[in-house]
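Participant: Here it is: the structure, laid out below.
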Amino acid sequence: MSATTQATTPPRVVGFGDNVVDRFLDRRILYPGGNSVNFAVYAGQLGAEAAYLGVFGTDEPAAHLRESLTGLGVALDRCQDKPGETGYCDVTVVDGDRVFGDWNEGGITTADPFRLEPADVAYLAGFDLVHSGVYGGVADQLGLLRATPALVFFDFSDEDEFRTAAYLDAVCPAVDLALLSCEHLSLDDTVALAQDVRRRGPALVLATRGMHGSVLVDGRGVLHGTATPVEALDTMGCGDAFSTAFAVHALRSGWRRDRLPAVDDLQEALAVAADFAAKQCLVEGAFGHGKGF
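Going by the numbering used here, the sequence shown opens with residue 1382, and the numbers climb by one from there.
Given below as structure tokens:
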């Protein structure tokens, strides 16, 4: 870390939203996943104190998700169980890249998402950062966290439906760090989109571009990161790994709602994130823990 990076106790972070299983049809193995689950697992691997908050189904994949997360040290203190099917997505891997097939639209997590009660808000307020995303079904509740010190990190994914002015205007005011997946966009279009999103509320906007690197807009300028070359075994979770490593490094650099990290620290965070994402490309599934189905 650079000289401006502050020594702190381990960051406390929580993934709030989706949990799914990725069913790899070519090998008949399912792996635990979901953006917010992946975030919690990767943050724990990076030395943060990590938790997950969400709705689990009542089927065998849900039990496997719970068992896997508990074994990895991710706290599940206030999670809920609701009757229903765990979200799944069918996947095949072609030349190391994912090809998505059938899915059940997020299962019970989306059909009956977590609803925050005052005690849940108080729980989340005890973390340094809360991660969520478009698939968690909880975007409309993130404004409840604005009165707390907890930073909000939101994954806007890459679909056009989450790039409309109406959606961005509804979500962005509650967000401190916005993540955009922009591999399909040119560099100029990526920067323009990131700047537009930042004008709507988030202090930091991070855009990933696959092997073309990354872009960060922070109001002081535009930072560019390079990707770490790797012969990918499986790209599942690589974007989540990148953004998690960036967020954890930023927290360790003193990031708070009233204080952005130094530019040098943010540039270093992009490099650390690229290296961590490259390592993730060598792991089967989002973080292993496969089970036959």
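Glycine residues also receive a C-beta, built at the ideal position from the N, C-alpha and C atoms.
Small disclaimer: the values here were computed from a predicted structure and weren't measured.
Please check if any C-beta of chain B sits within less than 9 Å of the C-beta of Val1664.
Facilitator: Structure shown: chain B not included; a single protein chain is present.
Participant: Less than 9 Å between the beta carbons of Ala1654 and Ala1613, yes or no?
Facilitator: Against a cut-off of 9 Å, the Cβ pair of Ala1613 and Ala1654 comes out as no contact.
Participant: Decide if Met1355 is buried, meaning its Cβ has at least 16 other Cβ atoms within 10 Å, or exposed.
Facilitator: Any answer about residue 1355 is impossible in this case: the structure gives the chain only from 1382 up to 1674.
Participant: How is the alpha helix (DSSP H) around Cys1460 delimited, first residue to last?
Facilitator: Neither: Cys1460 is in no alpha helix (DSSP H) and is coded neither H nor E.
Participant: Is DSSP giving Val1644 helix, strand or coil here?
Facilitator: Val1644 falls in the helix class under three-state DSSP.
Participant: What are the uninterrupted segments assigned as alpha helix (DSSP H) that are 4 or more residues long and contained completely in the stretch 1526-1556, given in chain order?
Facilitator: List check, alpha helix (DSSP H) in window: 1546-1552.
Participant: What number of angstroms, rounded off, separates the C-alpha of Asn1400 from the C-alpha of Val1480?
Facilitator: Distance between the alpha carbons of Asn1400 and Val1480: 19 Å.
Participant: Measure the C-alpha to C-alpha separation of Leu1585 and Pro1554 and round it to an integer number of angstroms.
Facilitator: Computed Cα separation, rounded: 12 Å.
Participant: In the DSSP assignment, the beta strand (DSSP E) including Arg1581 goes from what residue to what residue?
Facilitator: Arg1581 -> no beta strand (DSSP E), and no H or E assigned at all.
Participant: Quick test of your reading: Leu1510 and Val1394, contact by CB under 8 Å. State the CB separation rounded to the nearest angstrom.
Facilitator: With a Cβ gap of about 5 Å, Leu1510 and Val1394 count as contacting.
Participant: Is it a yes or a no for the stretch 1621-1641 touching the stretch 1415-1434, going by three-plus beta-carbon pairs under 8 Å?
Facilitator: Segments in contact, yes.
Participant: For Ser1595, name the three-state secondary structure that DSSP assigns.
Facilitator: Strand at Ser1595.
Participant: Determine the extent of the beta strand (DSSP E) in which Phe1405 is found, giving its start and end residues.
Facilitator: That run of the beta strand (DSSP E) goes 1401-1405.
Participant: Please report the residue range of the beta strand (DSSP E) in which Tyr1516 lies.
Facilitator: Counting along the chain, Tyr1516 falls outside any beta strand (DSSP E), and DSSP gives it neither H nor E.
Participant: Does the separation of the CB atoms of Leu1561 and Leu1587 fall below 9 Å?
Facilitator: It is a contact, given that the beta carbons lie within the stated cut-off.
Participant: Check each candidate in Thr1589, Cys1619, Arg1579 and name the one with the smallest Cα separation from Arg1601.
Facilitator: Answer by Cα proximity: Arg1579.
Participant: Distance, Cα to Cα, Thr1571 vs Gly1620?
Facilitator: Cα-Cα distance, rounded: 16 Å.
Participant: With a 10 Å radius around its C-beta and 16 neighbouring C-beta atoms as the bar for buried, classify Asp1536 as buried or exposed.
Facilitator: The residue in question, Asp1536, is buried, as its Cβ has 16 or more Cβ neighbours within 10 Å.
Participant: Which partner residues of Phe1437 appear in the DSSP bridge assignment?
Facilitator: Beta-bridge pairing links Phe1437 to Asp1462.
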